[in-house]
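Numbering (UniProt numbering), first residue to last: 1 to 103.
Data block below; observations after.
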């Protein structure tokens with residue numbers, strides 16, 4: 001006896017999930033939701049690696065206690081488009097697999 005197939009995933013929900021969680025600094029949730037676990041984990045850890053690196057570099061050039069905030073904002077901007085796009089493409093790929101397994 002086989003388990004019933006999972007229902008299709010909404011690309012819009014994947015994008016919203018990715019960006020909303022990304023605002024909290026947890027990129028990759030939308031990718032994990034559409035079963036792209038590796039990309040999701042790379043996004044989660046990669047975001048903080050890039051954010052901390054940019055914050056440290058900004059600290060070399062800006063004499064402020066909030067230099068890390070600029071690095072965090074820049075990292076968020078750098079990750080928003082590719083991670084969001086990956087989540088949408090992942091949902092579309094999941095749905096095409098779902099439709100072909102249903103036929």
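Glycine is no exception: its CB is placed at the ideal position from the N, C-alpha and C atoms.
Between residue i and residue j, is the Cβ-Cβ spacing less than 8 Å?
i	j	result
residue 78	residue 50	yes
residue 31	residue 22	no
residue 6	residue 80	no
Please classify residue i: does DSSP put it in a helix, a strand, or coil?
i	result
residue 8	coil
residue 64	coil
residue 2	coil
residue 38	helix
residue 81	helix
residue 71	helix
residue 90	helix
residue 28	coil
At least one CB of chain D closer than 8 Å to the CB of residue i: is that the case?
i	result
residue 21	Within the model displayed, chain D is absent; a lone protein chain is all it includes.
CB-CB under 7 Å to residue i, same chain, minus the five flanking residues each way: which ones, in chain order?
i	result
residue 72	51, 55
residue 34	9, 14, 87, 90, 91, 94
Discussion item. For the pair the stretch 36-49 and the stretch 58-66, tell me if three or more CB-CB distances fall below 8 Å.
Written reply: no
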